[in-house]
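Here the structure is laid out as structure tokens; the discussion comes afterwards.
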Amino acid sequence: MTEGGMQTASLPGLLVVASTYPRWEGDTEPGFVHALSRHLTGDFRVTVLCPHAPGAATQEKLDGVQVIRYRYAPEGMEQLVNGGGITSNLRRRPWMLALLPTFLLCQWWALQRELRRNRHEVLHAHWIIPQGLTSALLPRRLRPPMLITSHGGDLFSLKGRLLSAVKRFSLARAQAASVVSQAMVAPFRALAANLPLAVSPMGVDLQHRFVPSPVKRARNELLFVGRLVEKKGLTYLIDALPLVLARHSQVFLTVIGHGPELPEREAQVAALGLQKHVRFVGPVTQNALPAYYQRATTLVAPFVEARNGDQEGLGLVTVEALGCGCPVVTTDVPAVRDAFPAGPPRYLATQRSSTSLASVIIELLSAPEQAQAWAHAQRPELVARFDHSQVAADYAKRLRAIMEPQNVR
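Quick note on the working numbering: the sequence shown kicks off at 158 and runs consecutively.
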């Protein structure tokens, strides 16, 4: 064994279980759980357990993280997780409900198998449901001290007496929990009043990737980045475009992302006659994304509370954009305020109001230099709060704390 291998073997084992995770290197699926996991490899021997997807390896080493992907259906049917998330996929494709029992059972079985095979001193479950639940159902003798992190969708949606009881059951078996924004604290406390809780966001690479550029910004480019699902609010931005074009006729919108709403949004653009003003780029890798932020006049993040209660837990795209010096227009969804640690958002619209959104966009486009100066002024506070080094250090501290014997229950 090499010296580096010996050092890794001597580290405490951290088992991370998540449903959203990159399928391969350079994947366009959200990578925030992987980013945190790889930044914890200096403190832990990190293993990630996540669902398999068509074309993905069942096991691989990714940036120093051992990744194990469990099978839960024939490969061609493993579509429950990717391309929009579990809740959005279930709403669009009801037949996927048939995959839920095997998904939960296979995740639970894979957790048991990994914990029997290898030493893990601590467990980090991302999302209360399903990962917190399957971890809570582990035999007590197998289950290491557990931190559960809620990212928003599991807390704000999945309501009702039964699902709330499931969430309470899961949290009662954890040693600590974290949420990614202050707006999540009150609804979390309604489920677990006494569980140790921290507000700990996911991180963003603000040192090397999401950084300002000397390239001159476009004067008329609006940018949208995100999954094409209801809570991202793209439909309201498209509806706002004719109002913006009436004042700024050269404006065009670049849409980055994919998801179940894509056909509807393309049809909406066609119905409004906006084909020359909207470009659907599709998903983009993390390496390619900064160039879009560095060029755009503004990122527009028109978040809304979805009909099922789902909403943004934080909105990391706003942090990525501001890290690149890109002004941000967003809405009054409560959690978004945490993405602006230097002060309240400057360009804030009323959610679900295309008129309000258009008005704020027009205000920004009328004084873009002022907007850019505001965006650049946010950067020092962003780095202090969201850079990976800060976030990973915070999570490492919390994970080590629950490993102490007095904190294990």
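For every residue, glycine included, the Cβ atom is placed at its ideal position computed from N, Cα and C. Since the structure is predicted, the reported quantities are computational estimates derived from the model, not experimental observations.
Residue i: which of the options sits nearest, CA to CA?
i	options	result
residue 380	189, 483, 530 and 229	483
residue 227	457, 216 and 279	216
residue 384	177, 270 and 272	177
residue 319	290, 233, 445 and 475	290
residue 211	165, 181, 553 and 540	181
residue 392	298, 333, 497 and 509	509
residue 270	300, 248 and 253	300
residue 524	455, 464 and 490	455
residue 382	376, 375 and 390	390
residue 440	464, 452, 411 and 421	411
residue 507	488, 337 and 407	488
residue 369	285, 537, 165 and 251	537
residue 353	340, 373, 331 and 372	331
residue 257	432, 236, 378 and 406	236
residue 309	273, 295, 418 and 244	244
residue 101	419, 394, 418 and 420	Any question about residue 101 goes unanswered here, given that the chain covers just 158 to 566.
residue 541	364, 165 and 351	364
residue 445	225, 183 and 502	183
residue 223	166, 539 and 340	166
residue 386	280, 433, 249 and 402	249
residue 459	238, 295, 345 and 502	502
residue 311	406, 285 and 378	285
Kindly give me the distance between the Cβ atoms of residue i and residue j, rounded to whole angstroms, as I take these residues to be in contact under 8 Å.
i	j	result
residue 193	residue 359	6 Å
residue 461	residue 388	6 Å
residue 357	residue 335	4 Å
residue 261	residue 287	6 Å
residue 452	residue 372	7 Å
residue 268	residue 206	6 Å
State yes or no: is the C-beta of residue i within less than 7 Å of the C-beta of residue j?
i	j	result
residue 469	residue 492	yes
residue 515	residue 397	yes
residue 202	residue 170	yes
residue 185	residue 442	yes
residue 306	residue 283	yes
residue 367	residue 480	yes
residue 313	residue 416	no
residue 327	residue 355	no
residue 521	residue 504	yes
residue 535	residue 499	yes
residue 348	residue 324	yes
residue 519	residue 404	yes
residue 208	residue 229	yes
residue 543	residue 342	no
residue 190	residue 213	no
residue 197	residue 558	no
residue 431	residue 338	no
residue 490	residue 517	no
residue 448	residue 475	no
residue 438	residue 426	no
Tell me whether residue i is buried or exposed, calling it buried when 16 or more other Cβ atoms sit within 10 Å of its Cβ.
i	result
residue 277	buried
residue 571	Absent from the model: residue 571. The displayed extent of the chain is 158 to 566, so no value can be given.
residue 555	buried
residue 275	exposed
residue 264	buried
residue 561	exposed
residue 414	buried
residue 526	exposed
residue 173	buried
residue 531	buried
residue 297	exposed
residue 333	buried
residue 374	buried
residue 118	Because the chain in this structure spans residues 158 to 566, residue 118 falls outside the shown range and cannot be described.
residue 463	buried
residue 232	exposed
residue 179	buried
residue 187	buried
residue 549	buried
Give the DSSP bridge partners of residue i, in chain order.
i	result
residue 218	223
residue 544	361
residue 378	409
residue 167	None; residue 167 has no bridge partner.
residue 485	456
residue 282	174 and 305
residue 506	488
residue 102	The structure shown has nothing for residue 102, since the chain only spans 158 to 566.
residue 333	304
residue 354	334
residue 437	412
residue 202	170
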